[in-house]
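First to last, the sequence lines map onto chains A and B.
When the letters of the first sequence are read in order and numbered with the numbering used here, they come out as residues 5 to 289.
When the letters of the second sequence are read in order and numbered with the numbering used here, they come out as residues 9 to 284.
Where a beta carbon is used, it is the ideal one built from N, C-alpha and C, also for glycine.
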Amino acid sequence: MLTQLNKADMTLQNSLAAEAGVGTPVLEVKSLCKAFPLPTGGTLEACKQVSWSLWRGESLGIVGESGCGKSTLMKMIMHMLEPTSGEIYLDGVRMGKASGKEAREQRRKIQMVFQDSSQAFDPRMTVADIICEPLYNFGLLKRGETLAIATRYLDMVGLDGSFAKRYPHEMSGGQRQRVAIARALVLEPDIIVFDEATSALDVSVQDAIAKLLVKLQKEKNLTYLFVAHDIAFIRSMCHRVVVMYYGEVVEEVAAKHLTEAKHPYTRKLLSAVFEVTPERKRVVR
Amino acid sequence: MCAYGMTREAALVEVNNVSIAYGEAAPSVTDVNFSLEEGEVLVIVGESGSGKTTVIRALIGCLSVGGHVVGGQLHYRGQDLGTWSEADWRKYRGTDISMIFQDSGSAMDPIQTIGKQFIAHIRRHSGMTKSAAETRALELLNMVSLPGGKDLLQRYPFELSGGQRQRLGIAMAMAFTPHLLLADEPTSALDVTTQAQIVEELMRLCKQSKTGIIMVTHNIGVAAYMADKIMVMQQGKVVDYGSRDDVLFNAHSDYTAKLLEAVPTLGGTRYVDTVE
Chain A
5 MLTQLNKADM
15 TLQNSLAAEA
25 GVGTPVLEVK
35 SLCKAFPLPT
45 GGTLEACKQV
55 SWSLWRGESL
65 GIVGESGCGK
75 STLMKMIMHM
85 LEPTSGEIYL
95 DGVRMGKASG
105 KEAREQRRKI
115 QMVFQDSSQA
125 FDPRMTVADI
135 ICEPLYNFGL
145 LKRGETLAIA
155 TRYLDMVGLD
165 GSFAKRYPHE
175 MSGGQRQRVA
185 IARALVLEPD
195 IIVFDEATSA
205 LDVSVQDAIA
215 KLLVKLQKEK
225 NLTYLFVAHD
235 IAFIRSMCHR
245 VVVMYYGEVV
255 EEVAAKHLTE
265 AKHPYTRKLL
275 SAVFEVTPER
285 KRVVR
Chain B
9 MCAYGMTREA
19 ALVEVNNVSI
29 AYGEAAPSVT
39 DVNFSLEEGE
49 VLVIVGESGS
59 GKTTVIRALI
69 GCLSVGGHVV
79 GGQLHYRGQD
89 LGTWSEADWR
99 KYRGTDISMI
109 FQDSGSAMDP
119 IQTIGKQFIA
129 HIRRHSGMTK
139 SAAETRALEL
149 LNMVSLPGGK
159 DLLQRYPFEL
169 SGGQRQRLGI
179 AMAMAFTPHL
189 LLADEPTSAL
199 DVTTQAQIVE
209 ELMRLCKQSK
219 TGIIMVTHNI
229 GVAAYMADKI
239 MVMQQGKVVD
249 YGSRDDVLFN
259 AHSDYTAKLL
269 EAVPTLGGTR
279 YVDTVE
């Protein structure tokens, strides 16, 4: 049964995406390219014709080694870089072309959690202010509400309300990352992008945060985009996986059937995973 | 330096009831016991702040500022490290006992070429001439599959990728075929594919030259692949210690079980399906 399903995946890779959702994808990337000029006069194509779609409530993982274009892609999705060509659609609306109010609304819909929250946070702000800052930026914060809102979102990410008064340095890495998630949630976005958000954490802490994220996703019907190099973690968290290599998408595969992926580069990534097995060998050869 | 008569039978490393404190504070590592033979690999795992790095830094006599051994003994080939003078340390450190850091790049001088630093390192510990040291450096670079030869020696640390820098760190640490190699998270800043290569590299060196390796990592998969012995630490205490199979498959502490449970795998359950 399993192998049959898998065969279907291989042959119908494009319709695989269609299976995942109906109607308009919440995020769609079409033939996205980004080229950087090199000092030598040439260009570096960091992203080449990247296309995929993401439906509401789904998790997509993007894996690849450093320099494969993952971060460039994220930056374009987050409005931090202008694509050289290609389009990004958020709920069917082209990103970057919208103006004023609509553009701000697009920014609200998509939030991000960074790898190192100790650097992403202002060290002189309290957790309550850190969590509510996005609301303040969007003019959505009423005077005197800060503490109540912070407490509510802290509770959502499994932290005690007393954390609201703390400063970033007074927390562990795992607690800080929970605060980063609370901050991303406070604008009630549709999509959250995680850029190596758990890779600096201990496995036991990563495990707790992973469970929290899946729980939140189901409660709020959130859409997740994970960028990570830990392919086993991606498999655990995502519905679909996009493998990038030198700026190109080389394979798109259902996370369930990740170990049966075909592309040589995906095989190489899989074979680089060390696991706890009775015999000393890699899981995938 | 006092050498016991039993030096030859002594284990490569023997650590007895060691406690280490920083400043006047209560010990941050207490009652650590382990031993290591030549050619064996001991992997220390545990969460950050559990004292893993403190333990291996004590073995090379470079605890961070204020750190000192407050109890127990560390023995290297039967010699008590506590009795070593600075001169003894200079004799052994970098040659007999060497260390690979998490980020070998930042352990190097950014404004000197790789060649200059590598050759200085070799000559500092041996009577080699400059050209002999250069030849040796090139041999070592070849050994860790770092291509580029002489060209590479003329480059600066920032011109290398993380994986290349880490290989360079290994090459420098292996310059005098140490009996004991300490490695502090040598692969955690690297891509998985590079990590796999470095792990194989270390295993090969260990087999070829009978080097004993003590490695700190938070990647339990890597520990399972490399280790003969595993030590699990939590909050400055050893919660599990024993042969690889014993610790991985008959874990005695709840913490080890929890740690093993938390590792994402390619075959296990997926949270996206199971968590409610």
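- Here PRO186 (chain B) is buried: its Cβ has 16 or more other Cβ atoms, across all protein chains shown, within 10 Å.
- Using a Cβ-Cβ distance cut-off of 8 Å, the region 229-245 of chain A and the region 33-51 of chain A are not in contact, since fewer than three pairs of beta carbons, one from each stretch, lie closer than that value.
- Contact between ALA154 (chain A) and VAL117 (chain A) does not hold, since their C-beta atoms are separated by about 17 Å, which reaches or exceeds 8 Å.
- Neighbourhood of HIS233 (chain A) in chain B, by CB distance below 8 Å: ASP199 and VAL200, in chain order.
- An exposed status is given to PHE166 (chain B), since fewer than 16 other beta-carbon atoms sit within 10 Å of its beta-carbon.
- Runs of the alpha helix (DSSP H) lying entirely within the region 151-219 of chain B and spanning at least 4 residues, in chain order: 158-161, 170-181 and 200-217.
- At the C-beta level, LYS60 (chain B) and VAL255 (chain B) stay beyond 8 Å of one another.
- Taken in chain order, the members of the region 254-279 of chain B whose beta-carbon sits within less than 9 Å of a beta-carbon on chain A are LEU256, PHE257, TYR263, LYS266, LEU267, LEU268, GLU269, ALA270, VAL271, PRO272, THR273, LEU274, GLY275, GLY276, THR277, ARG278 and TYR279.
- Pairing MET80 (chain A) with GLU32 (chain B), the inter-Cα distance amounts to about 51 Å.
- Contact of ARG239 (chain A) with chain B is assigned, a C-beta pair being separated by under 8 Å.
- Short of 8 Å from the beta carbon of ARG180 (chain A), and not among the five residues preceding or following it, lie these beta carbons of its own chain, in chain order: SER121, SER122, PHE125 and PRO172.
- In this structure, LEU77 (chain A) places its C-beta atom within 8 Å of the C-beta atom of VAL54 (chain A).
- Among the residues of the region 38-71 of chain A, those with a Cβ less than 7 Å away from any Cβ of chain B are SER63, GLU69 and SER70, in the order of the chain.
- Within the same chain, GLU46 and GLY47 come within 6 Å of LYS218 (chain B) by CB-CB distance, once the 5 residues on both sides are set aside.
- Using a Cβ-Cβ cut-off of 8 Å, LYS34 (chain A) does not count as an interface residue toward chain B, since no Cβ of chain B sits closer than that to its own.
- The beta-carbon of SER251 (chain B) is placed no less than 8 Å from the nearest beta-carbon of chain A.
- Flagged as an interface residue toward chain A: HIS226 (chain B), by a C-beta distance shorter than 8 Å.
- In this structure, TYR157 (chain A) places its C-beta atom within 8 Å of the C-beta atom of LEU189 (chain A).
- The secondary-structure analysis by DSSP pairs MET107 (chain B) across a beta bridge with B:LEU190.
- Of the other Cβ atoms in all chains shown, fewer than 16 fall within 10 Å of the Cβ of ASN225 (chain A); this residue is therefore exposed.
- With respect to the 8 Å criterion, GLY250 (chain B) and LEU20 (chain B) are not classified as neighbours on the basis of their beta carbons.
- SER208 (chain A) reaches chain B at GLU55, LYS266, LEU267 and ALA270, counting residues in chain order whose Cβ is nearer than 7 Å.
- In this model, ALA265 (chain B) and LYS146 (chain A) are separated by some 47 Å (Cα to Cα).
- Here DSSP, grouped into helix, strand and coil, assigns PRO138 (chain A) to helix.
- Think of a sphere of 7 Å around the beta carbon of ALA204 (chain B): the chain A residues whose beta carbon falls inside it are ALA276, in chain order.
- By the rule that beta-carbons nearer than 8 Å mark a contact, GLY229 (chain B) touches chain A.
- PHE167 (chain A) is classed as buried because its beta carbon has at least 16 other beta carbons within 10 Å across all chains shown.
- Just so you know, the alpha carbons of HIS129 (chain B) and LEU71 (chain B) end up roughly 21 Å apart.
- Taking a beta-carbon distance threshold of 8 Å, TYR164 (chain B) does not count as an interface residue toward chain A.
- Within the region 248-266 of chain A, ALA259, LYS260, LEU262 and THR263 place their CB atoms closer than 8 Å to a CB of chain B, listed in sequence order.
- Under the 10 Å beta carbon count, VAL207 (chain A) is surrounded by 16 or more other beta carbons and is classified as buried.
- Minimum Cα-Cα distance from MET248 (chain A) among the listed residues A:VAL287, A:ALA214, A:CYS72 and A:LEU94 corresponds to A:CYS72.
- Within the DSSP secondary-structure output, GLU109 (chain A) pairs in no beta bridge.
- Boundaries around LEU268 (chain B) are those of the alpha helix (DSSP H), 262-270, since no beta strand (DSSP E) includes it.
- Chain-order list of chain A residues neighbouring TYR233 (chain B): PHE278 and ARG284, by C-beta distance under 7 Å.
- Think of a sphere of 9 Å around the beta carbon of VAL78 (chain B): no beta carbon from chain A falls inside it, the nearest being about 26 Å out.
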